[in-house]
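Chemist: Quick note: the sequence shown, position 298, residue 297 per numbering that gives the first Met the number 0, numbers continuous.
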Amino acid sequence: MGTIHIVGLGPGDAGLITLTAFRLMKEARCLLLRTAVHPSVSMLDEAHIAYEALDRFYEQGTSFENVYQGITGYVLDQAAGGDVVYAVPGSPVVAERTVLMLEKQGAERHIPVVVHPGMSFLEVMYTRLRFDPVNGVTIIDSSDAGQVPRDISTPLIVTQVYDRHVASDLKLSLMDIYGDEYEAQLVYHVSLPDESIQPIKLYELDRCDHIDHLTSLFLPVPPLQSRTGAMTTEGEELPDAEMPFDIDPLVQVMARLRGEHGCPWDKRQTHKTLRRFLIEEVYEMLDAIDQNDIDGIREELGDILYQVVIHARIAEEEGLFSAQDIVNDVTKKMIHRHPHVFTDKPLENRHMSMVNWDRLKQSERRQQHEHLLDGVVKGLPSLLSAYKLQEKSAKKGFEWDTAEQVVAKVHEEWQEFLDAVAEGDRDHMEEEAGDVLFVLANLCRRYDIEPECALHRANNKFRSRFSYVEDCVRASGRDWSDFSLDELDAFWQKAKEEERKDAGTKLDGNDRCNKSKEDLQ
0 MGTIHIVGLG
10 PGDAGLITLT
20 AFRLMKEARC
30 LLLRTAVHPS
40 VSMLDEAHIA
50 YEALDRFYEQ
60 GTSFENVYQG
70 ITGYVLDQAA
80 GGDVVYAVPG
90 SPVVAERTVL
100 MLEKQGAERH
110 IPVVVHPGMS
120 FLEVMYTRLR
130 FDPVNGVTII
140 DSSDAGQVPR
150 DISTPLIVTQ
160 VYDRHVASDL
170 KLSLMDIYGD
180 EYEAQLVYHV
190 SLPDESIQPI
200 KLYELDRCDH
210 IDHLTSLFLP
220 VPPLQSRTGA
230 MTTEGEELPD
240 AEMPFDIDPL
250 VQVMARLRGE
260 HGCPWDKRQT
270 HKTLRRFLIE
280 EVYEMLDAID
290 QNDIDGIREE
300 LGDILYQVVI
310 HARIAEEEGL
320 FSAQDIVNDV
330 TKKMIHRHPH
340 VFTDKPLENR
350 HMSMVNWDRL
360 KQSERRQQHE
370 HLLDGVVKGL
380 PSLLSAYKLQ
390 EKSAKKGFEW
400 DTAEQVVAKV
410 HEEWQEFLDA
420 VAEGDRDHME
430 EEAGDVLFVL
440 ANLCRRYDIE
450 PECALHRANN
460 KFRSRFSYVE
470 DCVRASGRDW
480 SDFSLDELDA
490 FWQKAKEEER
500 KDAGTKLDGN
510 DRCNKSKEDL
520 Q
């Protein structure tokens with residue numbers, strides 16, 4: 000049983016092969032090359048050194064793992080007849096899967112394996128780029144680009160960018176973390192006469208001609224340091240945006256759920272089929288807030304985040320945008336809308352802050368609407384929609400001067416509703432009832448009360464009190480029909496008394512709803 004000696008062919012220039020490696024290859028009984036597709040192999044031909052290249056395993060294999068298993072088994076089998084020298088591109092200990100497999104399987108079969116030091120392309124890259132790795136660097140194979148952590152804090156080197164197909168997959172993974180405009184360094188044929196190092200935007204990566212098995216990519220600045228913030232209205236750059244937390248674990252779970260072997264339900268969802276679930280989760284969140292249920296708030300926020308991530312995944316599969324794009328966009332938007340916080344601009348007063356907010360928001364519109372009220376989303380709940388419509392029109396001066404005038408309008412609309420009731424015309428009654436609700440929404444707005452929140456609070460109050468009445472009836476052992484309305488009302492009044500006792504100990508809907516927009520800025 001012979002010994003397997005593993006040597007490196009260097010980064011490409013034959014002059015960078017170590018003397019030990021050259022001697023072992025020259026004197027080898029059996030010299031095996033993982034691949035003959037390497038510039039240094041021409042030196043072996045010129046020196047008339049016999050070798051056997053194992054490229055046939057690449058042609059026969061169905062996957063890289065299958066190829067590496069085949070090569071490993073063949074090299075081990077050749078050691079039965081004596082010593083074997085196995086030569087790999089670069090250094091034996093840099094991005095060489097077969098070397099690791101030979102060491103492991105050699106030990107299992109009691110075949111000695113000796114790995115000799117060699118120079119990889121990395122040493123040449125460090126020299127050409129004037130880069131000192133002592134402060135940290137992350138090195139990955141191009142096939143592992145999807146494993147780059149979003150919070151990576153070191154420069155990144157990606158090896159073996161074989162072709163444009165690999166480059167295309169690589170750029171999609173990296174753009175999700177670094178951004179489309181990130182400028183990397185494309186390192187081509189390092190140490191060879193046609194060596195080149197060129198700056199390249201990530202989105203251009205698969206359009207470059209200089210891509211083959213001797214191509215690497217260098218990303219010198221970590222993504223959190225490279226991302227630029229939003230711009231002020233004067234064109235000044237704002238501070239860099241920072242990611243407060245990492246949603247990548249959830250993003251990866253979603254990718255698996257919608258993957259080939261994922262969940263059938265998740266895989267068949269679309270933006271439209273998920274619409275009602277998003278609405279339900281938001282209302283469950285509001286209910287948790289009203290109940291001051293901190294654990295519930297945490298859980299419901301997670302459910303809403305899940306909805307965000309699945310919508311982002313659907314869009315990413317269609318090549319539209321990713322979860323990281325969402326985080327980047329909203330971060331930049333908030334910085335842009337708060338120049339008094341992220342720049343040296345002073346905040347004149349609260350009113351001017353709101354005016355500036357609206358102006359900046361309008362400048363961000365994806366499209367300009369023909370009419371002012373076109374900007375109010377039509378799918379809003381009706382009371383909230385009424386509030387928004389009147390809020391927008393009021394900004395153009397279309398509103399009463401005083402709240403008293405609105406109160407008078409409420410009385411007027413109420414009388415018109417009573418007149419419609421007297422007529423018995425149901426369609427007219429519905430129309431006038433709508434007018435009453437619309438003007439009541441306006442009155443709420445004048446007092447900084449959001450009608451949707453106010454009604455939500457009233458609904459919860461009724462639910463709670465009626466449930467109390469139910470409990471009282473059940474506790475009595477009697478049937479509902481045995482109680483008079485006065486008796487049921489007594490239970491109702493008792494429920495109100497219990498609420499007053501609890502006042503101040505719970506966060507009710509008013510704490511959430513009845514805050515002015517100015518207080519929320």
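For glycine and all other residues, C-beta sits at the position ideal for the given N, C-alpha and C.
1) Is the segment 165 to 175 in contact with the segment 134 to 144, if contact means three or more CB pairs nearer than 8 Å?
2) Where F56 and V66 are concerned, what is the direct C-alpha to C-alpha distance, given to the nearest angstrom?
3) For the putative contact between A322 and V250, defined by C-beta atoms under 8 Å, what is the C-beta separation to the nearest angstrom?
4) Between the segment 128 to 143 and the segment 29 to 46, are three or more C-beta pairs nearer than 8 Å?
5) Spatial neighbours of L155 within its chain, please: C-beta separation below 6 Å, excluding the five flanking residues on both sides.
6) Return the residue from the list L15, D12 and I3 that minimises the CA-CA distance to A27.
7) Using only CA atoms, which one of D294, V308, H339 and G295 lies nearest to D265?
8) Tell me which residues share the same chain as L15 and place their Cβ nearer than 7 Å to its Cβ, disregarding the 5 neighbours each side in the sequence.
9) Using only alpha-carbon positions, find the residue among Y73, Y161, M24 and D292 that is nearest to A49.
10) When we look at the beta-carbon of V157 and count the other beta-carbons within 10 Å, is it buried (16 or more) or exposed?
11) Under 8 Å Cβ to Cβ from L439, same chain only, skipping five residues before and after it: list those, please.
12) In or out: G234 buried (at least 16 other Cβ within 10 Å) or exposed?
13) Among D175, D193, D179 and I199, which residue has its Cα nearest to the Cα of L185?
14) Below 8 Å CB to CB, which residues in the same chain sit around R464 once its five sequence neighbours on both sides are set aside?
15) Compare the beta carbon distance of P221 and I151 with 8 Å and say whether it is the shorter of the two.
16) Measuring straight from C-alpha to C-alpha, what distance separates A432 and D289?
17) Any idea which residues DSSP pairs P263 with across the strands?
18) Taking D175 as the reference, give the member of A311, D12 and A489 with the closest Cα.
19) Going along the chain, which residues of its own chain have a beta-carbon closer than 7 Å to the beta-carbon of N524, five neighbours each way excluded?
20) Would you mind sorting L204 into buried or exposed? The rule is 16 or more other CB atoms within 10 Å of its CB.
21) Measuring only the C-alpha atoms, how far is E316 from G301?
22) With DSSP as the reference, identify every bridge partner of G105, one or two as the case may be.
23) Does DSSP put K200 in a helix, in a strand, or in coil?
24) CB H188 to CB G11, shorter than 8 Å?
25) Please say whether A20 and G7 have beta carbons closer to each other than 8 Å?
26) For A86, write down the residues that DSSP places opposite it in a beta bridge.
27) By DSSP, does E398 sit in helix, in strand, or in coil?
28) Three-state secondary structure (DSSP) at Y282?
29) Would P88 be called buried (16 or more neighbouring beta carbons within 10 Å of its own) or exposed?
30) Return the chain-ordered list of same chain residues with a C-beta closer than 8 Å to the C-beta of D54, the five sequence neighbours on each side being excluded.
31) Check Y50 in the structure and name its three-state DSSP category.
32) If you draw a straight line from the alpha carbon of T17 to that of H115, how long is it in whole angstroms?
33) Return the Cβ separation of Y5 and V98 in integer angstroms, given the expectation that the two are a contact with Cβ distance under 8 Å.
34) Quick one: what's got a C-beta closer than 8 Å to L530's C-beta in the same chain, skipping five residues either side?
35) Return the residue from the list D193, R477 and P148 that minimises the CA-CA distance to P248.
36) CA-CA distance, P487 and W399?
Modeler: According to the structure data:
1) Because the criterion of three Cβ pairs below 8 Å is met, the segment 165 to 175 and the segment 134 to 144 touch.
2) F56 and V66 have their C-alpha atoms roughly 6 Å apart.
3) Indeed, because the Cβ distance is near 5 Å, the residues count as touching under 8 Å.
4) In the pairwise beta carbon analysis, the segment 128 to 143 is classified as not touching the segment 29 to 46: fewer than three pairs are separated by under 8 Å.
5) T137 and L218.
6) In this structure, I3 is the residue among L15, D12 and I3 with its C-alpha nearest to the C-alpha of A27.
7) Out of D294, V308, H339 and G295, V308 has the C-alpha closest to the C-alpha of D265.
8) Correct list, in chain order: G9, M118 and S190.
9) The candidate whose alpha carbon is nearest that of A49 is M24.
10) By the 10 Å Cβ count, V157 comes out buried.
11) V409 and P450, listed in sequence order.
12) Low confidence applies here, because G234 scores a pLDDT of 42, under 50, leaving its location unreliable and the question unanswered by this model.
13) It is I199.
14) W491, A494, K495 and E498.
15) Less than 8 Å divides the Cβ of P221 from the Cβ of I151.
16) Whole-angstrom Cα-Cα distance: 28 Å.
17) The beta-bridge partner set that DSSP reports for P263 is empty.
18) The candidate whose alpha carbon is nearest that of D175 is A311.
19) There is simply no residue 524 to check, as the chain begins at 0 and stops at 520 in what is shown.
20) Its Cβ being crowded by 16 or more others within 10 Å, L204 is buried.
21) Taking the straight line joining both Cα atoms gives about 22 Å.
22) In DSSP, G105 forms no bridge with anything.
23) Here K200 sits in strand by DSSP.
24) Closer than 8 Å, so yes.
25) The Cβ-Cβ distance between G7 and A20 falls below 8 Å.
26) The beta-bridge partner set that DSSP reports for A86 consists of V6 and L32.
27) Note: E398 maps to coil in three-state DSSP.
28) The three-state secondary structure of Y282, taken from DSSP, is helix.
29) By the 10 Å Cβ count, P88 comes out buried.
30) Its chain contains T34, A35 and V36 as the residues whose beta carbon lies nearer than 8 Å to that of D54, once the 5 sequence neighbours on both sides are disregarded; these appear in chain order.
31) Y50: coil per DSSP, three-state reduction.
32) Counting only the Cα atoms, H115 lies some 9 Å from T17.
33) The question names Tyr, but residue 5 is Ile in the sequence shown. Right, the Cβ-Cβ distance comes to about 6 Å (below 8 Å), so this counts as a contact.
34) A question about residue 530 goes unanswered here, because the residues of the chain that appear run from 0 up to 520.
35) Among D193, R477 and P148, the Cα nearest to that of P248 belongs to P148.
36) It should be pointed out that residue 487 corresponds to Leu in this sequence rather than to Pro. Taking C-alpha positions only, L487 is separated from W399 by approximately 43 Å.
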